[in-house]
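> Residue numbers (this note's numbering), protein chains in the order written: chain H, -19 to 621; chain W, 17 to 433. Using N, Cα and C, we set each Cβ at its ideal position, and we do this for glycine too. All of these numbers come straight from a predicted model, not from anything done at the bench. Take a look at this one; I'll ask things after.
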Amino acid sequence: MRKVLIPTLIFIATILILIRLFYLQVIDEELKLKSDNNAIKIQYDYPERGYIYDRYGKLLVANQPSYDIMVIPREMKNIDTLEFCQLLNIPKSFFVERIKKAKVFSPRLPSVFLPQLNKKEFAAFQEKVRKFQGFYIQKRSLRDYQVNMGANVFGFITQVNDKIIKNNPYYNSGDLIGKQGVEQSYEKELRGIKGVKYIQKDKFNREIGAYKEGRFDTIARQGEDITLSIDAELQKYGEELMINKRGGIVAIEPKTGEILALVTAPSYDPALLVGRERSRNYTKLYNDSIAKPLYDRGLLAQYPPGSPFKILTGLVGLQEQVIDENTSFVCHHGFSYARGRFMKCHDSGVSMLHNGIFNSCNTYFASVYMKTINKYAKTPVAVDVWNKHVKSFGLGSFMGYDLPTGKKGRVPDSKLYKRIYPNWQYRATTIVSNAIGQGEVETTPIQLANMMAAVANRGYYYTPHIIKKIEGQKIDKAFTTKHKTTIDPKYFEPVISGLADVYHLGTAHGLEVDGIEICGKTGTAENFAKINGKRTKLQDHSIFVAFAPKDNPKIAIAVFVENGYWGKRWAGPITSLMIEKYIRRKITRTDLEKRMLEGSLQSEYDKYSGKAPKVDSLLIKKKPLDAQKPKEDEEDPEAEN
Amino acid sequence: MKNQSISNHIDWISVLIYITLVVLGWLNIYSSSLPIEESSLFDFSQIYGKQMLFIFLSIPLIIVILAVDGKFYEKYAVIIFGVGLLLLAGLYVFGKEIKGQVNWYQFGPVSFQPAEFAKAATALALSKYLSDVQVNLAQTNRQIQALGIIFLPVLLIVPHDPGSALIYAAFFLVLYREGLPAWYLWTGLVGIIVFVLSLVLESWVVILIAAIITVLLYYRSRIADRNYVLSGMILVGIAVLTLSVSYVFDNVFEQHHRDRFNILLGKQVDMKGIGYNINQSKIAIGSGGWFGKGYLEGTQTKGGFVPEQHTDYIFTTVGEEWGFTGCCVVIALFVGLFLRIIYLAERQKTKFSRVYGYCVASILFLHFFVNIAMVVGVFPTIGVPLPFFSYGGSGLWGFTILLFIFLKMDANKVNEW
Chain H
-19 MRKVLIPTLI
-9 FIATILILIR
1 LFYLQVIDEE
11 LKLKSDNNAI
21 KIQYDYPERG
31 YIYDRYGKLL
41 VANQPSYDIM
51 VIPREMKNID
61 TLEFCQLLNI
71 PKSFFVERIK
81 KAKVFSPRLP
91 SVFLPQLNKK
101 EFAAFQEKVR
111 KFQGFYIQKR
121 SLRDYQVNMG
131 ANVFGFITQV
141 NDKIIKNNPY
151 YNSGDLIGKQ
161 GVEQSYEKEL
171 RGIKGVKYIQ
181 KDKFNREIGA
191 YKEGRFDTIA
201 RQGEDITLSI
211 DAELQKYGEE
221 LMINKRGGIV
231 AIEPKTGEIL
241 ALVTAPSYDP
251 ALLVGRERSR
261 NYTKLYNDSI
271 AKPLYDRGLL
281 AQYPPGSPFK
291 ILTGLVGLQE
301 QVIDENTSFV
311 CHHGFSYARG
321 RFMKCHDSGV
331 SMLHNGIFNS
341 CNTYFASVYM
351 KTINKYAKTP
361 VAVDVWNKHV
371 KSFGLGSFMG
381 YDLPTGKKGR
391 VPDSKLYKRI
401 YPNWQYRATT
411 IVSNAIGQGE
421 VETTPIQLAN
431 MMAAVANRGY
441 YYTPHIIKKI
451 EGQKIDKAFT
461 TKHKTTIDPK
471 YFEPVISGLA
481 DVYHLGTAHG
491 LEVDGIEICG
501 KTGTAENFAK
511 INGKRTKLQD
521 HSIFVAFAPK
531 DNPKIAIAVF
541 VENGYWGKRW
551 AGPITSLMIE
561 KYIRRKITRT
571 DLEKRMLEGS
581 LQSEYDKYSG
591 KAPKVDSLLI
601 KKKPLDAQKP
611 KEDEEDPEAE
621 N
Chain W
17 MKNQSISNHI
27 DWISVLIYIT
37 LVVLGWLNIY
47 SSSLPIEESS
57 LFDFSQIYGK
67 QMLFIFLSIP
77 LIIVILAVDG
87 KFYEKYAVII
97 FGVGLLLLAG
107 LYVFGKEIKG
117 QVNWYQFGPV
127 SFQPAEFAKA
137 ATALALSKYL
147 SDVQVNLAQT
157 NRQIQALGII
167 FLPVLLIVPH
177 DPGSALIYAA
187 FFLVLYREGL
197 PAWYLWTGLV
207 GIIVFVLSLV
217 LESWVVILIA
227 AIITVLLYYR
237 SRIADRNYVL
247 SGMILVGIAV
257 LTLSVSYVFD
267 NVFEQHHRDR
277 FNILLGKQVD
287 MKGIGYNINQ
297 SKIAIGSGGW
307 FGKGYLEGTQ
317 TKGGFVPEQH
327 TDYIFTTVGE
337 EWGFTGCCVV
347 IALFVGLFLR
357 IIYLAERQKT
367 KFSRVYGYCV
377 ASILFLHFFV
387 NIAMVVGVFP
397 TIGVPLPFFS
407 YGGSGLWGFT
417 ILLFIFLKMD
427 ANKVNEW
């Protein structure tokens, strides 16, 4: 028996190997196809990228042809380098370096020699391309922008980098891929599928026809056109309003969750990132670490929301039945919530829910919040109940919208407080700042806009999304699924009526639009920065959230202006103009419009900017006529602590 | 007198197979390392030129091996083993790093890989030990001593080159042939199965399967044979192995080790990254078809798509240019050699040379299997050469020494009484 083991193993192993070899060599046809990197030339047929339209069918992004000069180093023969370089207007050193790089990548696979020539550059070269063995021309298409706005919404297309080539077998050197914005989110739909043709070559590298009668060839599939939910006119108007300011605007249609406008400022013409100039311009934009034009503030600017958050404080209080509409608190320009601790308030007198909202009374909401928390014997339990309510509005999560960047925001829960106060019994008074949207709560503009959409709908929202239609496909089911908040619909009416009176009696008085009943809330976000190593308080950010009309809401919006002093000063007027524009399509209050269009916060920003590189030349900008500033005669209506 | 009779007594079948394999190996190395410009066959700056030199230099080596007195290897087995161990240990001090592995001594332009020679030394030492009449592998302390001989070089090799250390598993087959209890092999087999399953499945699934099988076996066996202590211990052993495999895989292995396994197990697809070698290797072999593309006509070989093709992946050249038919011929030659050695081993008159013969057959077989299984993509990427085929002086001479010492013993048996 013992003698048999080794021969048996040899026998079994040999059989196994032979079976495997038989499979690989005789049965598996695919490997033969793959092997013919040499004997078979692969030709790609790149389909045209899908067009992008706005919600009303206006064409925003189309294509223009572009031509890449490709090289296969091994096949280069007898090149007249001088003539070649002259034709393409490149220095010889560039030629040498490019060829070297291509050889390192692979001597027998095509590399891009010179990308994205335009028609004129290409025409001269095309006539002579036959003289240069080893070079050929690959036609691709580049974006052709019909509008000079929405750069952050669209994103851009760029050549794939080595990492993508390595990780995704679809892409080859020189292929284009969408980056940022919808170009990235809907890359698969927009790009289509490239076609492949296999051409048999003989020993002398001559083409002798289709490989195996074209059995493996595939036909290119056109990219799908997509329709965005963006209202181009509103988007453009928003970007114009934000010129010379920094910040973001997010407008959502509450009934559907469709994003109507997604503005970030400063912004740039999307055409800057097309073709050979792309890389240079992108680097410039990228290096501007102060104005950060590539930073989509509508999605990424995460700050404590300030007063708009009081809406939720009120709703949660009602839902938890610690207050009703008539519960009142007395305010003496603030109140002492613990020994030695005083929260300031610009209000005074008796506050109930209604005037609490339109006067934005800190005392009132702090008291509501404390009652909510104190309803439960254990503070951590109460915090988690509150957290659940707040999160049901989409706060503190990425929400799952169809744009590639975002911030999660923050809604504190008992776990977070356990980390902050590991050895301490925190109580309602410890965390009372949350009541007025300070403390640990942080949100992004799109989250605030979505919160307003949920309020406008009286208790539900759809995940915000920018896609309206993909040709021949249904949009993601996640965008047509209703998310209910944990607040009973009946509690919304009293809060909404308070929000309406923000315009009539409260902090946004003077910004009403005739005939459109707007519900809104001002906000001011404190912000700090490290300057020379010291934590310094910077000018507050101006925030405004609103929806309109009050009954049958068509738009919910959040506006955020960096260092814009307080809510009513910048964000408030911009909000009301945006709403009027969307609903009426024209503006009646031309004075206000002019003041906003021409107003600039540049002097404010210059205070902090230091010596960072700037790309002013690339940013969309209008010269302020005579440095108009908004009237300074208003008092800060919200002197929150 | 002995030297004159060597040509009469040496086993010419083995020698012929050896020569055929070496020549075929060189032809394939030539094909895979052919430069674009014309160059002489004896251009020693080229890989094929160097291999030619190594082949010629193995002739005097063989003559010396055959000329030495037949008893020399048995007499000095322990000393040879000691020298082998010293050379391995010396790598830690004087070793030179080539391609990330410290497996080499460098003397001027010549580098030398002691692990290739250590196998022969270990085989001699093990044969010497087992040939002692007092050694009976049924005894536990003898088993431990025999295992000690194997694990000494393994411990020295593992840190540098875990792949080569795997080859020492060959000695277990020899020990089994010489009386090692069968449960060692069973344990090894179960261990390997559990190891692979642990990588593919979740730990708790593996443990559950093992538990079910153990319980079934327990109740299926005769009542007299039931031993719940042993069954329990086996189960615990499997559980520990499973958990430690997942632990080692996640925490001790480095990413490139994990990638190799993941690609093999189909958990990960990465054709342009880590999986590149295996993928290109399969493509090259697969494109050969029934009869191959013809010598020097392999497009994959010429294009240099397969990395390290002249060393560990030399079999891909055979696959591409000679096709399935060529592969069968090469495999037949190897299998013929193994079976011939085993046949010779069985007819030895001394236990020493019989054990040594088995060692030679097992070592060559394991190299052959691990290498080709890796190249065709059914085994993780472990760098072991294909005997007589792969480029490299140390490898070629190591295998030559291993084989010809045995052929010398075999030729000498007429003188042994």
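Can you give me the C-alpha to C-alpha distance between P175/W and Y108/W, rounded to a whole angstrom?
Each residue's Cα considered, the two are about 10 Å apart.
> Using a cut-off of 8 Å between C-beta atoms, extract the partners of V6/H located in chain W.
The answer, in chain order, is G305, W306, F340.
> Using 8 Å for Cβ pairs, my map puts L(-2)/H next to Y192/W. What's the rounded Cβ distance?
Going by Cβ atoms, the distance from L(-2)/H to Y192/W rounds to 25 Å, so no, they are not a contact pair.
> Who are the Cβ neighbours of T397/W in its own chain at under 7 Å, not counting the five residues just before and after it?
Cβ within range, chain order: R276, N293, I294, M390.
> Between N157/W and the rest of its own chain, which residues show a CB-CB distance below 6 Å, the 5 nearest in sequence each way excluded?
Cβ neighbours of N157/W beyond the five flanking positions: none.
> Using a Cβ cut-off of 9 Å (strictly closer), state whether K298/W contacts chain H.
Interface residue, yes.
> What do you get for A240/W, buried or exposed, if any count of 16 or more other CB atoms within 10 angstroms of its CB means buried?
It counts as exposed.
> Whole angstroms are fine: how far does the CA of S74/W sit from the CA of W413/W?
Those two C-alpha atoms are separated by around 6 Å.
> What does a CB cutoff of less than 7 Å around I81/W pick up in its chain, not counting 5 residues either side in sequence?
Only I417, F420, I421, K424 meet the Cβ criterion.
> Using a Cβ-Cβ cut-off of 7 Å (strictly less than) and excluding sequence neighbours within five positions of K72/H, which residues of its own chain qualify?
Contacts found: T61, C65.
> Once the 5 residues before and after E132/W are set aside, which same chain residues still bring their CB inside 6 Å of it?
For E132/W, where only same-chain residues beyond five positions count, the Cβ hits under 6 Å are S410, G411, G414.
> Within 9 Å (strictly less), CB to CB, does L189/W reach chain H?
Cβ-Cβ to chain H under 9 Å: yes for L189/W.
> Do we get a CB-CB distance below 9 Å when we pair F373/H with the residues of chain W?
F373/H does not count as touching chain W.
> Hey, could you find the ends of the alpha helix (DSSP H) F211/W is sitting in?
Element bounds for F211/W: 198 to 216.
> To the nearest angstrom, how far is it from the Cα of R399/H to the Cα of Q160/H?
Answer to the nearest angstrom: the Cα atoms are 35 Å apart.
> Leaving aside the five residues before and after F322/H along the sequence, list all residues of the same chain whose C-beta is less than 8 Å from its C-beta, in chain order.
Same-chain partners within the cutoff: G314, F315, S316.
> Please list, in chain order, all residues of the same chain as G336/H whose beta carbon is under 6 Å from its beta carbon, the five residues on each side excluded.
Within the same chain, G336/H has close Cβ partners Y344.
> Grab the span of the alpha helix (DSSP H) containing H484/H for me, first residue to last.
Unbroken alpha helix (DSSP H) run through H484/H: 472 to 484.
> What residues are listed by DSSP as bridge partners for E163/H?
Answer is none; E163/H lacks a bridge partner.
> Between G30/H and E167/H, how many whole angstroms is the CB-CB distance? I'm expecting something under 8 Å.
At roughly 10 Å, the Cβ-Cβ gap does not stay under 8 Å, so G30/H and E167/H are not in contact.
> Tell me where the beta strand (DSSP E) around I511/H begins and ends.
Its beta strand (DSSP E) spans residues 499 to 511.
> Roughly how many whole angstroms lie between the Cα atoms of F105/H and L94/H?
Whole-angstrom Cα-Cα distance: 12 Å.
> Along chain W, in chain order, which residues have C-beta atoms closer than 9 Å to that of K635/H?
Chain H is shown from -19 up to 621; residue 635/H falls before or after that span and cannot be answered.
> If you follow the alpha helix (DSSP H) that Y108/W is part of, which residue opens it and which one closes it?
Y108/W -> alpha helix (DSSP H) spans 93 to 110.
> Is the CB of K429/W under 9 Å away from at least one CB in chain H?
Taking Cβ atoms only, chain H never reaches closer than 9 Å to K429/W, which makes this a no.
> Could you tell me which of I291/H, A505/H, I22/H, F196/H sits nearest to L333/H, measuring between CA atoms?
Per the Cα distances, I291/H.
> At a Cβ threshold of 9 Å, is K288/W touching chain H?
Low local confidence applies: a pLDDT of 48 at K288/W is under 50, so the model's placement there is unreliable, and no value is given.
> Less than 9 Å between the C-beta atoms of A190/H and P27/H, yes or no?
No, the pair does not count as a contact, with Cβ atoms beyond the cut-off.
> Report the rounded CA-to-CA distance for S297/W versus G352/W, giving the unit in angstroms.
Distance between the alpha carbons of S297/W and G352/W: 25 Å.
> Spell out a yes or no on whether the region 318 to 337 of chain W and the region 354 to 361 of chain W are touching, meaning 3 or more CB-CB pairs, one atom from each, closer than 8 Å.
With the cut-off at 8 Å, the region 318 to 337 of chain W and the region 354 to 361 of chain W do not touch.
> Just checking: is the beta-carbon of R195/H within a distance shorter than 9 Å of some beta-carbon in chain W?
Not one chain W Cβ lies under 9 Å of R195/H.
> Taking only the alpha-carbon atoms, compute the straight-line gap between L221/H and I270/H and give it to the nearest angstrom.
Those two C-alpha atoms are separated by around 20 Å.
> In chain W, what lies closer than 7 Å to R0/H by C-beta?
The answer, in chain order, is V392, V394.
> Do the region 237 to 244 of chain H and the region 436 to 452 of chain H meet, that is, are 3 or more Cβ pairs less than 8 Å apart?
A contact exists between the region 237 to 244 of chain H and the region 436 to 452 of chain H.
> If V76/H and A212/H are in contact, beta carbons under 8 Å, what's the gap, nearest whole angstrom?
Actually they do not touch by this definition, with Cβ atoms about 47 Å apart.
> Give a yes or no on whether 9 Å exceeds the smallest Cβ distance from E167/H to chain W.
Closer than 9 Å: no.
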